[in-house]
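Undergrad: Taking UniProt numbering, the leading residue of the sequence shown gets 1, the next gets one more, and so forth.
All C-beta atoms in this analysis are idealised placements derived from N, C-alpha and C, irrespective of residue type, glycine included.
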Amino acid sequence: MPDTQTDLMRFGGRLKADAPDPAIELIEKARRMPVPVIGLVPQRHLEDWDAFGVSSGTHNGVFDSCDVSISYTLWRNPHNIHDPVNLAELGDEQRASLDRQVPSERPPWLLERVRRTRYPLLWECVITHWRSEPREYDSVEARLAAHVNHILENGFRETRVRGELPGDLDSPVDERHVEHGVTVLVNGFERSGIRIDTDPDVYGVGVALANNSTVTAVLPRDELRFVDVAFETRRI
1 MPDTQTDLMR
11 FGGRLKADAP
21 DPAIELIEKA
31 RRMPVPVIGL
41 VPQRHLEDWD
51 AFGVSSGTHN
61 GVFDSCDVSI
71 SYTLWRNPHN
81 IHDPVNLAEL
91 GDEQRASLDR
101 QVPSERPPWL
111 LERVRRTRYP
121 LLWECVITHW
131 RSEPREYDSV
141 EARLAAHVNH
151 ILENGFRETR
161 VRGELPGDLD
171 SPVDERHVEH
181 GVTVLVNGFE
191 RSGIRIDTDP
201 DVYGVGVALA
211 NNSTVTAVLP
221 RDELRFVDVA
231 FETRRI
């Protein structure tokens, strides 16, 4: 996943203790979504801490598209968060930057994000997509393939991406990799969904929802055993 928290540490020296948390603005943007935002059902191995990502668009000044992603901290042993099994695999440079003490006068939200960098993050693993007037590339099949490639490009860069940034993804998926007729639980009800189960590193599922919206989820295979891939409305 992108090294967002380390980036925060990089500009942390210019932040005052009362600097506003950028997550507040993201939550407000997510509330503009005209359809329900969907997340994974609450479960003991995942911590939902309002880690939203939002992208939206307008056409002729009218709000016409929005994607809201949710990231989760993964606890392999939720009964003891201090168990070393819960630690993320970090490079030497990143670990060294975390071991350097962050000045205590920094904003609490920054200190919390730095702390969370030590633990694995299922980055943007669930995305709710909405378009006022969907096009061909807004189908659930196209959205799931794009989500899988997005996670591979950003979360598996060392092993799956060749060349300088942005690089070329090795073995990207497309709609031909989609399997139909997969049962997906949404708000406790079975829905007919799709999945991509052909990639060696990640597993993806998706389902078309009402009002021109879809939800997709992409998870690392190494962590899949810890996750119940079922969805419900995420209140914001």
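Kindly identify the DSSP beta-bridge partner or partners of residue 250.
TA: The first residue shown for the chain is 1 and the last is 236, placing residue 250 beyond what the model contains.
Undergrad: For P42, tell me which candidate among P20, G155, F156 and L74 has the shortest Cα-Cα distance.
TA: Residue mapping note: residue 42 aligns to position 42 of the sequence shown, counting from 1. Checking every option, the nearest Cα to that of P42 belongs to L74.
Undergrad: Mind checking who A208 pairs with in its DSSP beta bridge?
TA: The sequence position of residue 208 within the sequence shown is 208, counting from 1. According to DSSP, A208 bridges with T214.
Undergrad: Have a look at the DSSP bridge pairing and note the partners of V229.
TA: For the purposes of this step, residue 229 is identified with residue 229 of the sequence shown, where counting begins at 1. In DSSP, V229 forms no bridge with anything.
Undergrad: Contact between the region 221 to 231 and the region 185 to 196: three or more CB pairs below 8 Å?
TA: Yes, they touch.
Undergrad: Check whether the Cβ of P134 sits closer than 7 Å to any heavy atom of the ligand FAD, and report yes or no.
TA: Although the ligand FAD was asked about, the structure shown includes no ligands whatsoever.
Undergrad: Could you tell me whether the Cβ atoms of N149 and P172 are closer together than 8 Å?
TA: Stepping through the sequence shown from its first residue, residue 149 is reached at position 149. Stepping through the sequence shown from its first residue, residue 172 is reached at position 172. In this structure, P172 lies closer than 8 Å to N149 by Cβ.
Undergrad: Can you tell me where the alpha helix (DSSP H) with S97 in it begins and where it stops?
TA: Against the sequence shown, residue 97 aligns to sequence position 97. It spans D92 to D99 - the alpha helix (DSSP H) in which S97 sits, taken as one unbroken run.
Undergrad: Could you pull out every unbroken beta strand (DSSP E) segment of at least 3 residues lying fully inside the region 134 to 203, listed in chain order?
TA: If we require 3 residues or more, the beta strand (DSSP E) runs fully inside the region 134 to 203 come out as 179 to 186 and 189 to 196.
Undergrad: Closer than 8 Å is the cut-off here; do at least three beta carbon pairs connect the region 57 to 65 with the region 86 to 102?
TA: The region 57 to 65 vs the region 86 to 102: no contact.
Undergrad: Let me check understanding here. Comparing Cα to Cα, which of T214, I196 and V207 lies closest to P220?
TA: As a first step, residue 220 must be located in the sequence shown, where it is residue number 220. Checked all of T214, I196 and V207; the closest Cα to P220 is I196.
Undergrad: Straight-line CA distance for D201 to K16?
TA: Translated into the one-based positions of the sequence shown, residue 201 becomes position 201. Translated into the one-based positions of the sequence shown, residue 16 becomes position 16. Answer to the nearest angstrom: the Cα atoms are 40 Å apart.
Undergrad: Between the C-alpha atoms of V205 and L110, what's the straight-line distance to the nearest angstrom?
TA: Position 205 of the sequence shown, counted from the first residue, corresponds to residue 205. Position 110 of the sequence shown, counted from the first residue, corresponds to residue 110. Going by the C-alpha atoms only, they are around 33 Å apart.
Undergrad: Near A23, which residues of its chain fall below 8 Å by C-beta distance, leaving aside the five closest residues on each side in sequence?
TA: Residue mapping note: residue 23 aligns to position 23 of the sequence shown, counting from 1. Cβ neighbours of A23 beyond the five flanking positions: D50, A51, F52 and W109.
Undergrad: Buried or exposed, going by whether 16 or more other CB atoms sit within 10 Å of the CB of I70?
TA: In the sequence shown, counting from the first residue as 1, residue 70 sits at position 70. Result: buried.
Undergrad: Determine contact between the region 207 to 216 and the region 25 to 37, defined as no fewer than three beta-carbon pairs at a distance below 8 Å.
TA: Output reads yes: the region 25 to 37 touches the region 207 to 216.
Undergrad: Among residues of its own chain, excluding the 5 on either side of G39, which ones have a beta-carbon nearer than 6 Å to its beta-carbon?
TA: Against the sequence shown, residue 39 aligns to sequence position 39. The residues are I70, V126 and R234.
Undergrad: Go through its chain and collect everything with a Cβ distance to L224's Cβ below 6 Å, but skip five positions before and after it.
TA: On the sequence shown, residue 224 is found 224 positions in, with the first residue counted as 1. Hits under 6 Å: Y203.
Undergrad: When you compare the CB positions of A142 and P120, do they come within less than 8 Å of one another, or not?
TA: Residue mapping note: residue 142 aligns to position 142 of the sequence shown, counting from 1. Residue mapping note: residue 120 aligns to position 120 of the sequence shown, counting from 1. The answer is no: Cβ separation not under 8 Å.
Undergrad: Roughly how many angstroms separate the alpha carbons of V178 and P107, rounded to a whole number?
TA: Taking the first residue of the sequence shown as position 1, residue 178 is located at position 178. Taking the first residue of the sequence shown as position 1, residue 107 is located at position 107. If you take the alpha carbons of V178 and P107, they lie about 44 Å apart.
Undergrad: Are the Cβ atoms of S132 and S192 separated by less than 8 Å?
TA: Residue mapping note: residue 132 aligns to position 132 of the sequence shown, counting from 1. Residue mapping note: residue 192 aligns to position 192 of the sequence shown, counting from 1. Not a contact, by the Cβ cut-off of 8 Å.
Undergrad: Compare the Cα-Cα distances from D48 to each of L122, G155, P134 and A30 and report the closest residue.
TA: By 1-based counting over the sequence shown, the position of residue 48 is 48. When each option's Cα is compared against that of D48, the closest is L122.
Undergrad: Give the secondary structure of P84 by DSSP, where H, G and I count as helix, E and B as strand, and everything else as coil.
TA: By 1-based counting over the sequence shown, the position of residue 84 is 84. If DSSP states are grouped into helix, strand and coil, P84 belongs with the helices.
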